[in-house]
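Chains as they are written, first to last, in the numbering used here: chain A, 1 to 281; chain B, 1 to 295; chain C, 1 to 357.
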Amino acid sequence: MSFLNKNVSETQIRLKDRLWLYIFSYLILFLLIVPSLVVIPMSFSASQYLEFPPKEWSLRWYENYFFAWKVENGFNDWMQATWTSLKVAILTIFVATPIGTMAAYGLVNSNSRLGKILFPIFISPMMVPIILVAIGLFYFFVQFKLVGSIIGLVLGHSLVAMPLVLIIVFSALKNYDMNQEKVARSLGATRFRAFREITLPQIKFSIISASLIAFLTSFDEIIISLFVAGGDNSTITRSMFLALRDQIDPTIAAISTILIVISSGLLIIIQLIGNKENKKD
Amino acid sequence: MTIAEMEKPNERGLQKVAANERLTFFGLTLPYLLMVTALIVIPVGWLFYLSFIGRDGSLSFENYERMMKSKAYIRIFLTTFKISILTTIICAAIGYPLAYFMSQLSRKWANICMIGVLIPFWTSLLVRTYAWLVLLQKKGLLNNMAIEMGLISEPIKIVHNTTGTLIGMVHIMLPFLILPLYANMRAIDKDTLKAASSLGATPTRAFWTVFFPLSLPGLLAGLLIVFVLCLGFYVTPAILGGGRVIMAAMKISSNIELYFSWGAASALGVVLLVVTGIILFIASKLVSMDQLGNR
Amino acid sequence: MNETSLNISIREVTKKYDQFYALKDVSLEINSGEFMTLLGPSGSGKTTLLMVLAGFTNPDYGSVKFGDEEVILKPPHLRGIGMVFQNYALFPHMTVEQNVGYPQKLRGVSTAETKRSVEEALSTVKLEGLGHRGINELSGGQRQRVALARAIVFKPKILLMDEPLSALDKKLREEMQIELRQLHDTLNMTTVYVTHDQKEALTMSDRITVINDGELMQLGRPNEIYEHPNNHFIADFIGESSLLPVTVRNGKASLNGEEVTLAEGAERSGDFLLVVRPEKAFLADKKVKGSNYFVGKLIDSIFQGESQLLVVKLSSRDDGHEVRVRVPNESVTQKALPLVGENVTIGLKVADSYVVS
Numbered sequence: 001m002s003f004l005n006k007n008v009s010e011t012q013i014r015l016k017d018r019l020w021l022y023i024f025s026y027l028i029l030f031l032l033i034v035p036s037l038v039v040i041p042m043s044f045s046a047s048q049y050l051e052f053p054p055k056e057w058s059l060r061w062y063e064n065y066f067f068a069w070k071v072e073n074g075f076n077d078w079m080q081a082t083w084t085s086l087k088v089a090i091l092t093i094f095v096a097t098p099i100g101t102m103a104a105y106g107l108v109n110s111n112s113r114l115g116k117i118l119f120p121i122f123i124s125p126m127m128v129p130i131i132l133v134a135i136g137l138f139y140f141f142v143q144f145k146l147v148g149s150i151i152g153l154v155l156g157h158s159l160v161a162m163p164l165v166l167i168i169v170f171s172a173l174k175n176y177d178m179n180q181e182k183v184a185r186s187l188g189a190t191r192f193r194a195f196r197e198i199t200l201p202q203i204k205f206s207i208i209s210a211s212l213i214a215f216l217t218s219f220d221e222i223i224i225s226l227f228v229a230g231g232d233n234s235t236i237t238r239s240m241f242l243a244l245r246d247q248i249d250p251t252i253a254a255i256s257t258i259l260i261v262i263s264s265g266l267l268i269i270i271q272l273i274g275n276k277e278n279k280k281d
Numbered sequence: 001m002t003i004a005e006m007e008k009p010n011e012r013g014l015q016k017v018a019a020n021e022r023l024t025f026f027g028l029t030l031p032y033l034l035m036v037t038a039l040i041v042i043p044v045g046w047l048f049y050l051s052f053i054g055r056d057g058s059l060s061f062e063n064y065e066r067m068m069k070s071k072a073y074i075r076i077f078l079t080t081f082k083i084s085i086l087t088t089i090i091c092a093a094i095g096y097p098l099a100y101f102m103s104q105l106s107r108k109w110a111n112i113c114m115i116g117v118l119i120p121f122w123t124s125l126l127v128r129t130y131a132w133l134v135l136l137q138k139k140g141l142l143n144n145m146a147i148e149m150g151l152i153s154e155p156i157k158i159v160h161n162t163t164g165t166l167i168g169m170v171h172i173m174l175p176f177l178i179l180p181l182y183a184n185m186r187a188i189d190k191d192t193l194k195a196a197s198s199l200g201a202t203p204t205r206a207f208w209t210v211f212f213p214l215s216l217p218g219l220l221a222g223l224l225i226v227f228v229l230c231l232g233f234y235v236t237p238a239i240l241g242g243g244r245v246i247m248a249a250m251k252i253s254s255n256i257e258l259y260f261s262w263g264a265a266s267a268l269g270v271v272l273l274v275v276t277g278i279i280l281f282i283a284s285k286l287v288s289m290d291q292l293g294n295r
Numbered sequence: 001m002n003e004t005s006l007n008i009s010i011r012e013v014t015k016k017y018d019q020f021y022a023l024k025d026v027s028l029e030i031n032s033g034e035f036m037t038l039l040g041p042s043g044s045g046k047t048t049l050l051m052v053l054a055g056f057t058n059p060d061y062g063s064v065k066f067g068d069e070e071v072i073l074k075p076p077h078l079r080g081i082g083m084v085f086q087n088y089a090l091f092p093h094m095t096v097e098q099n100v101g102y103p104q105k106l107r108g109v110s111t112a113e114t115k116r117s118v119e120e121a122l123s124t125v126k127l128e129g130l131g132h133r134g135i136n137e138l139s140g141g142q143r144q145r146v147a148l149a150r151a152i153v154f155k156p157k158i159l160l161m162d163e164p165l166s167a168l169d170k171k172l173r174e175e176m177q178i179e180l181r182q183l184h185d186t187l188n189m190t191t192v193y194v195t196h197d198q199k200e201a202l203t204m205s206d207r208i209t210v211i212n213d214g215e216l217m218q219l220g221r222p223n224e225i226y227e228h229p230n231n232h233f234i235a236d237f238i239g240e241s242s243l244l245p246v247t248v249r250n251g252k253a254s255l256n257g258e259e260v261t262l263a264e265g266a267e268r269s270g271d272f273l274l275v276v277r278p279e280k281a282f283l284a285d286k287k288v289k290g291s292n293y294f295v296g297k298l299i300d301s302i303f304q305g306e307s308q309l310l311v312v313k314l315s316s317r318d319d320g321h322e323v324r325v326r327v328p329n330e331s332v333t334q335k336a337l338p339l340v341g342e343n344v345t346i347g348l349k350v351a352d353s354y355v356v357s
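What follows is the structure in structure tokens.
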């Protein structure tokens, strides 16, 4: 077993001395990924109890998700909730991405003192306990009759997505050589044109990643939705949560499977974009 | 006119140019700041105010007084802290070796392992919580396997209690600990370890005297993010706790949804915010705030 | 003045950061068509001054005129300057051709004219035929040339360069110094060049402005700056001088009590520093008239290829100063070099003996 004597670190530790770490790490990675995947076989189960592994297979839960028009407990039909979630998530991209990108550009270019003072405000949506943000928004939106509206949801979700956009675009701009913009300006470009023609093409992949992450953030958001959504505009995660808290409906396994496919797909796109941007250097 | 009284050339014009420049950049951050102000600062400030309004509508501390005297509230605080601390400790115990392992791999393999960390990170929280519910329940996979292997004769209760909540929360929080920690460990100059061993340190000693201290900022940042997120956690304990594990955020929610008691909910929220604020303040003195934002 | 260049007139430019002056009342006239180098150590304010000319740094007050036109309040894109940055700052998402053509595109120049001017600029910097390359396919030297072509393609009357050669290795840097100078002579635009490398400044410039702590220390032609430094900072910064403390009383200078004859500067009394350039000092076998002599012990002898650098510690009552002497590497003298530890006598011609404050 000669490979056990391979050096695996800078301090000449051999593989056999590190075997426990390898086994432990792979086990943890396994436990990070695999448990979520249990919903996939569950979603094809014929039983309405949570048996694992399922004894019989069927597509009834997918049917239920796509085609069942009435669900008893007073919350909305799944499809409508899905459309609401999609609408809100897409609108969140168009609110959070420009606002976050503009702020990142402003912060990178302004003196660091201002940024340091305002930094807590910029990341406050990530730092203030989200339940507090949610009830605050609820209270606020009641005054403006925004509870249960798409606008209310988009504002709430943008609030949570903005710091992520800010961080992603900010770090992209930090790695970008601002002298390029200066050169363009010295050669005759206005600041806006220099940004559009020189800077933007080089950070566009980061901005696309940021907008995909804004989409996912909105699509997965639960707590703000719990308070702000309502009436005809429940989101899919809100409906799932209410269903899970009250009773266990295997339709959720079907929806979960679809969500896993969506988020894995987006994650892969984001990773590919990241590779593309890194290769460009 | 003396020279001192004469205006310096272009002084005013240049001040105007500089002011315009500052205004442009500030203006770019303005929509962001307005959003945060309108949707967080003002509403949370309003809640802060509400927490000091008594039932008769006058200013009072009665919401806080009631909270301090109530055994139920004390228990909620204790539960919140207990779950948060336990989750943080377990995450550190599991996450540190894993982050260390990944930091020692080649870039290519580390990136592959990173996908393993990122997939659950971006998988819906609800999906993961639901998956654990399926796995841990009485007739779930775990109990079935244990019975088949003869480890237990009767299914044991591992969900709808503290154990289930902890399992779910650790699974959800682990990536938050690993990401900043791994970034920090990657940035550690490997030559420092070579230097330590060339100077005669054993690998174990080199690790504890060189690598570990250098990885502390990342560990601290990770611990903090996890702890702060745990304090305000809602979804996972609500589902996996089965109503037996009540954390602060859940109480805030039920105060409003069930009892419409804004004063009590606000007071609890303010306490949560203040505790979070204090922890973040201490942390900002220990690690640079930039790392905290590194999600 | 001709139509290819403009003179630059800088007056009272001052930039203060909190308590620290980046530029302090800087006034400087740069002639039309001149190659002017701003020379100084890092943090001296030389780059700040260049950025004021380009419009990227707003001074607190002051005036900058290109020709007769006041430009200090103009944004960078209206100043019509060509600029080359330290790290080239080429646009990686554009080809060489697109990079060089960018200023023409901004000026709305026709496609045909742009193509012609890009080709001309590329041939000026000896990069004919590389137009279709991506930036990542170029070597460091080639990138440097692209940056230069981009800055000159629209025939600006003023060219600003911020340490453009500092990223190149020594040999390439020395080649480029000569090429840049030739380019300047061909195009004849006013060039302001920032560097911390004194050799580079001496090689390329018509005139050099030495800057330190935000203030102009000396302005002059390269040989003036080298042979007649104004003060000990310049004497120390340019060349590898040894500075020896001398006292001047009643027209007589003395170093540790021994008399030193000065070529100039003995009129004022006080404490000064004698500038000993290593290449002007020599090893003396016997004392002849017309030179000053210093006795000391050889403490180090370093082979440097084209020459041998000797470090001599002067024998004196106090702790003794070190003097560096450069001996050219000629086969005849090589043998006669003293050994470390031996006592030696160093000579310095009176004509080369001058003091600075």
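C-beta atoms are modelled at their ideal positions from N, C-alpha and C, and glycine is treated no differently.
Which chain B residues sit within Cβ distance under 9 Å of residue i?
i, result
"residue 60(C)", "8, 11, 14, 15 and 18"
"residue 284(A)", "Missing from the structure shown is residue 284(A); chain A here goes from 1 to 281 and no further."
"residue 73(C)", "10, 13, 14, 16 and 17"
Throw me the rounded Cβ distance for the residue i and residue j pair, which I believe falls under 8 Å.
i, j, result
"residue 235(B)", "residue 125(B)", "6 Å"
"residue 157(C)", "residue 307(C)", "The pair is not a contact, with the Cβ atoms about 42 Å apart (cut-off 8 Å)."
"residue 297(C)", "residue 231(C)", "30 Å between Cβ atoms; not a contact."
"residue 45(C)", "residue 23(C)", "5 Å"
"residue 21(A)", "residue 117(B)", "Contact doesn't hold; Cβ gap of about 16 Å is too wide."
"residue 43(A)", "residue 257(A)", "4 Å"
List, in chain order, every chain A residue whose beta-carbon is nearer than 8 Å to that of residue i.
i, result
"residue 252(B)", "131, 132 and 135"
"residue 116(B)", "29, 32 and 33"
Given this structure, state the Cα-to-Cα distance separating residue i from residue j, to the nearest angstrom.
i, j, result
"residue 10(C)", "residue 81(C)", "16 Å"
"residue 229(C)", "residue 43(C)", "21 Å"
"residue 83(A)", "residue 24(A)", "42 Å"
"residue 14(B)", "residue 292(C)", "55 Å"
"residue 36(A)", "residue 121(B)", "11 Å"
"residue 237(B)", "residue 241(A)", "12 Å"
"residue 2(C)", "residue 188(C)", "At residue 2(C) the pLDDT is 49, less than 50, meaning the model places this residue with poor confidence; the figure from the coordinates comes in the next sentence. Their backbone Cα atoms lie some 9 Å apart in a straight line."
"residue 105(A)", "residue 60(C)", "25 Å"
"residue 260(C)", "residue 217(C)", "27 Å"
"residue 327(C)", "residue 279(C)", "7 Å"
"residue 264(B)", "residue 255(B)", "7 Å"
"residue 75(A)", "residue 239(B)", "Here the model assigns residue 75(A) a pLDDT of 46, short of 50, so the residue's position is not dependable, and the following value carries that caveat. C-alpha separation (whole angstroms): 18 Å."
"residue 146(B)", "residue 172(B)", "24 Å"
"residue 97(B)", "residue 212(B)", "11 Å"
"residue 289(C)", "residue 309(C)", "25 Å"
Please determine, among the options, the residue with the shortest C-alpha to C-alpha distance to residue i.
i, options, result
"residue 321(C)", "299(C), 151(C), 189(C) and 337(C)", "299(C)"
"residue 77(A)", "263(A), 272(A), 237(A) and 227(A)", "237(A)"
"residue 203(C)", "175(C), 313(C), 134(C) and 212(C)", "175(C)"
"residue 114(B)", "174(B), 151(B), 56(B) and 156(B)", "174(B)"
"residue 33(B)", "137(A), 64(A), 123(A) and 81(A)", "123(A)"
Could you name the residues of chain A that residue i contacts, counting a contact when the two beta carbons are closer than 9 Å?
i, result
"residue 22(B)", "110, 111 and 114"
Taking C-beta pairs closer than 7 Å, name the residues in chain C that residue i reaches, listed in chain order.
i, result
"residue 284(A)", "Past the boundaries of the shown model lies residue 284(A); chain A is included only from 1 to 281, so the question cannot be answered."
For residue i, which residues in chain B fall below 7 Å Cβ to Cβ?
i, result
"residue 63(C)", "9 and 10"
Validate contact between the stretch 184-192 of chain B and the stretch 91-111 of chain B using beta carbons, cut 8 Å, 3 pairs: yes
For the stretch 10-23 of chain C against the stretch 157-174 of chain A, do three or more pairs of beta-carbon atoms, one drawn from each stretch, fall closer than 8 Å, so that the two count as touching? no
Count the CB pairs spanning the stretch 42-57 of chain B and the stretch 203-222 of chain B that are closer than 8 Å, and state whether there are at least three. no
Are at least three pairs of beta-carbons, each pair with one atom in the stretch 32-43 of chain C and one in the stretch 196-215 of chain C, less than 8 Å apart? yes
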